[in-house]
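Counting along the sequence shown from 1, when you hit position 174 you're at 240 in the working numbering, and nothing is skipped either side. Ideal placement from N, C-alpha and C gives every residue a C-beta, glycine not left out. Read through the structure below, which is laid out as C-alpha cells, and then see the notes.
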Amino acid sequence: MFQLKFKTILIAVVIAVLLLMGVVSSEAASITSLSASVPNDWGDGANVSAHLSTDEDIHFIDWHVNNNYVMTSTHGEGVTFVNVDLGSFVGSLKGENYVIRAVVQFVESSDDTANHAFSVYKPVVDDGWSHGVHGAAYLYNITYDGSNLNMSGHILGYNPTNQDRDVTGKFRLTVYKNGATRATC
C-alpha cells in the first residue's frame, strides 16, 4: 500500500515540476484568426489570399476549399502569421460561395482546424459612347435574402467635348412572374 501511494505521489510531483518548467503545457495551441482577401472576378477569376494567425509556431498547414485539398504550406519556428495565395476562383453576379478549411500542425503542440466562408462576385460592365459622352455602368453584385433585394454598383460619365451635355444614369429593376413582366422601376 505504501509503495502504491509513493508511486502516485512521485508521478504527481514529476508532472508538477514539468508543468512549472514549461515542458508540459496544459493549454493546446490554437488558430486565433482566419480570413480571406477576395477581389472581384473581372473575367479571369479572383485571386484569393488566406490570412491565418495562431498563438504558437506553425509547422505546416493543409489548405482545403469546399472540402477539396488544395495545398500544404510549410512554415517553422517563429512563424505565427501567414498569408497564402489559394489561387483563382470563379465568381458570379449573385456570388459564388466557398469555404476555406485550414488544418494547422503546430511545431510543439497538436493540430487545430478553422473554417472561413467567402463569396466571389463577378461584376457586369456596360459601357459606350453617345453624343460625345462616354459612360459606363458597373453592377458589382446582387443579393436576395428572401425579402430584400440589394444591389451594389456605380455609374460614371466622361465628357471630353467643350459642349454642354446633360447626362443621367439609372439602374432599372424589372419584376417577372411566370416569365411575364410584372413591374419596372
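Asked                                                                                                                       : Found
Neighbourhood of residue 97 by C-beta distance below 8 Å, restricted to the same chain and skipping five residues each side : 118, 119, 120, 168, 170, 178, 179, 180
Inter-stretch contact at 8 Å, needing at least 3 Cβ pairs: the stretch 152 to 159 / the stretch 121 to 128                  : no
Nearest to residue 251 (by Cα), restricted to the options 238, 146, 102                                                     : 238
Of the listed residues 135, 231, 151, nearest to residue 197 (C-alpha basis)                                                : 231
6 Å Cβ shell around residue 225 - same chain, five flanking residues per side excluded                                      : 199, 231
Bridge-paired residues (DSSP) for residue 243                                                                               : 246
Opening and closing residue of the beta strand (DSSP E) in which residue 163 lies                                           : 162 to 172
Cβ pair residue 223, residue 194 closer than 8 Å                                                                            : no
Straight-line Cα distance separating residue 115 from residue 188                                                           : 17 Å
CA nearest to the CA of residue 122, picked from 186, 138, 143, 134                                                         : 143
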